[in-house]
Amino acid sequence: MTITVAGEKKEYKDGLTLPELIDAEQVETPEYVTVSINDEFILTENKASTILKEGDTVEFLYFMGGGQ
Amino acid sequence: MAMTDEQIERYSRHIILKEVGAKGQKKLLNAKVLIIGAGGLGAPAAMYLAAAGVGTIGIVDADEVDLSNLQRQIIHSTADIGKPKVKSAKETMNAMNPDVEVKTYHKFVDSTNIRELIREYDFVIDGTDNFPAKFLINDACVMEKKPFSHAGIIRFKGQLMTYVPGEGPCYRCVFKNPPPKDAVPTCKQAGVIGAMGGVIGSLQAMEAIKYIVGVGELLTGKLLTYDAVNQEFRKIKLPTDTSKCPVCGTHPTITELIDYEQEICEETASRFEAER
Numbered sequence: 766m767t768i769t770v771a772g773e774k775k776e777y778k779d780g781l782t783l784p785e786l787i788d789a790e791q792v793e794t795p796e797y798v799t800v801s802i803n804d805e806f807i808l809t810e811n812k813a814s815t816i817l818k819e820g821d822t823v824e825f826l827y828f829m830g831g832g833q
Numbered sequence: 030m031a032m033t034d035e036q037i038e039r040y041s042r043h044i045i046l047k048e049v050g051a052k053g054q055k056k057l058l059n060a061k062v063l064i065i066g067a068g069g070l071g072a073p074a075a076m077y078l079a080a081a082g083v084g085t086i087g088i089v090d091a092d093e094v095d096l097s098n099l100q101r102q103i104i105h106s107t108a109d110i111g112k113p114k115v116k117s118a119k120e121t122m123n124a125m126n127p128d129v130e131v132k133t134y135h136k137f138v139d140s141t142n143i144r145e146l147i148r149e150y151d152f153v154i155d156g157t158d159n160f161p162a163k164f165l166i167n168d169a170c171v172m173e174k175k176p177f178s179h180a181g182i183i184r185f186k187g188q189l190m191t192y193v194p195g196e197g198p199c200y201r202c203v204f205k206n207p208p209p210k211d212a213v214p215t216c217k218q219a220g221v222i223g224a225m226g227g228v229i230g231s232l233q234a235m236e237a238i239k240y241i242v243g244v245g246e247l248l249t250g251k252l253l254t255y256d257a258v259n260q261e262f263r264k265i266k267l268p269t270d271t272s273k274c275p276v277c278g279t280h281p282t283i284t285e286l287i288d289y290e291q292e293i294c295e296e297t298a299s300r301f302e303a304e305r
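Here you go:
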């Protein structure tokens, strides 16, 4: 299936879970990343059970604490 | 009030813009912006807002200028080392533009002082370097119905978003709670390229100016991310349903400000140690 991850179209196997995608994309600090799929946030408690489907648009939003 | 001849000349490149004009410049001269943190983000934001003639600019920072700040905090100079950052920032801004009244607050923001601090300002810029402060600023701005620009920078990356009451998500809609201490690296631990503060801090100043003048679209409901390694900007759409947010939602559960545990960096800890 084709999904869009952070603006790029990518091929993944059908039935890919969100934790598998996070792992494959080598997401930094995976425990604290906010994920949106098709413009909806995935609650932390639902991350493990989320399965991606054809055409999904996934964004990873990262904590960025610096500024001084 | 009419502008003086000197002001008309000073701001001529603004006034000639049809989106700004004399009317927009007068709005800037009458505007009040509070910058929290006079560092990597706050320095360029303060300088561009001062140059633009924002009439009142408040600066909050409890720190003194350190040699390691000067790689990015361009409002301070080598001769300023050891000075309170707010004093050094004020001197630079006054030298740039005498039209601007700079108000300094040599302190940390916390749950007891922030609401009163932000109340008299039209727009707030978050230029802080830690999550407790970023969440505090967000919650206080939601409670006081103040628009603000949030930003963060680290390594070769930066990001920002703008909150305008009733017009989109707040920072807590995206990031529910601060990460545990040390779970996410700070600039001190991970480093930051100096010009990153210039890029993102200037974008924050741009948001403030656009808000005041009332031109174009702000970064409400969008997170603009910048990756300097690939020279890539991306605008990520944020979810529009804010009803369940614990602070800006329809049934908020956070109704009092929270002082999350402040990270005590090694430097401060050793300074405390030396003072004992």
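Top to bottom, those sequences are chains A and B. Straight run, no breaks: the first sequence in my numbering ends on number 833. Straight run, no breaks: the second sequence in my numbering ends on number 305. The beta carbon of each residue, even a glycine, is placed where N, CA and C say it ideally should be.
* From B:R42, B:S106, B:A81, residue whose alpha carbon lies closest to that of I241 of chain B -> As a first step, residue 241 of chain B is located in the second sequence; it is residue number 212 there, counting from the start. Cα-wise, what sits closest to I241 of chain B is B:A81.
* Inter-residue spacing [alpha-carbon to alpha-carbon] between K205 of chain B and S272 of chain B -> Numbered from its first residue, the second sequence carries residue 205 of chain B at position 176. Numbered from its first residue, the second sequence carries residue 272 of chain B at position 243. Taking the straight line joining both Cα atoms gives about 13 Å.
* To do: Return the CA-CA distance between E149 of chain B and K61 of chain B, expressed in angstroms with no decimal places.
  => For the purposes of this step, residue 149 of chain B is taken as residue 120 along the second sequence, with counting starting at 1. For the purposes of this step, residue 61 of chain B is taken as residue 32 along the second sequence, with counting starting at 1. Taking the straight line from one Cα to the other gives about 8 Å.
* **Contact list for R263 of chain B against chain A, beta-carbon separation under 8 Å** => Within the second sequence, residue 263 of chain B is the residue found at index 234, counting from 1. By Cβ distance, chain A contributes A771, G772.
* Asked: Under 7 Å between C-beta atoms, does C216 of chain B make it to chain A?
  -> Reading the second sequence from its first residue, position 187 is the one you call residue 216 of chain B. By this cut-off, C216 of chain B is an interface position.
* Counting Cβ pairs, one atom from each stretch, are 3 or more of them under 8 Å apart for the segment 280 to 289 of chain B and the segment 213 to 231 of chain B? -> The segment 280 to 289 of chain B, when compared against the segment 213 to 231 of chain B, does not touch it at the 8 Å Cβ threshold.
* Asked: If you measure from the beta carbon of D804 of chain A to each beta carbon in chain B, is any gap under 7 Å?
  -> Translated into positions along the first sequence, residue 804 of chain A becomes position 39. Closer than 7 Å to some Cβ of chain B, the Cβ of D804 of chain A qualifies, so yes.
* **Residues from the segment 810 to 833 of chain A in contact with chain B, defined by Cβ distance under 7 Å** => E824, L826, F828, M829, G830, G831, G832, Q833
* Asked: Anyone know if the C-beta pair for T822 of chain A and T769 of chain A falls short of 7 Å?
  -> Taking the first sequence and counting its residues from 1, the one referred to as residue 822 of chain A is at position 57. Taking the first sequence and counting its residues from 1, the one referred to as residue 769 of chain A is at position 4. Yes, they are a contact pair.
* Buried or exposed (CB count within 10 angstroms, at least 16 for buried), I287 of chain B -> Here the question's residue 287 of chain B lines up with position 258 in the second sequence. It counts as exposed.
* From B:M225, B:G84, B:L57, B:K239, residue whose alpha carbon lies closest to that of N123 of chain B -> Stepping through the second sequence from its first residue, residue 123 of chain B is reached at position 94. Nearest of B:M225, B:G84, B:L57, B:K239 to N123 of chain B, Cα basis: B:G84.
* Listing by chain order, which chain A residues have their CB less than 9 Å from the CB of Q188 of chain B? -> Residue numbering aside, residue 188 of chain B sits at position 159 when the second sequence is read from its first letter. L826, Y827, M829, listed in chain order.
* Taking any Cβ of chain A, which residues in the segment 265 to 282 of chain B have a Cβ under 8 Å from it, in chain order? -> Here the close residues are I265, K266, L267, P268, T269, D270.
* Asked: Is I147 of chain B near A169 of chain B, with beta carbons less than 7 Å apart?
  -> Start at 1 with the first residue of the second sequence, and residue 147 of chain B comes out as number 118. Start at 1 with the first residue of the second sequence, and residue 169 of chain B comes out as number 140. Yes, the Cβ-Cβ distance between I147 of chain B and A169 of chain B is below 7 Å.
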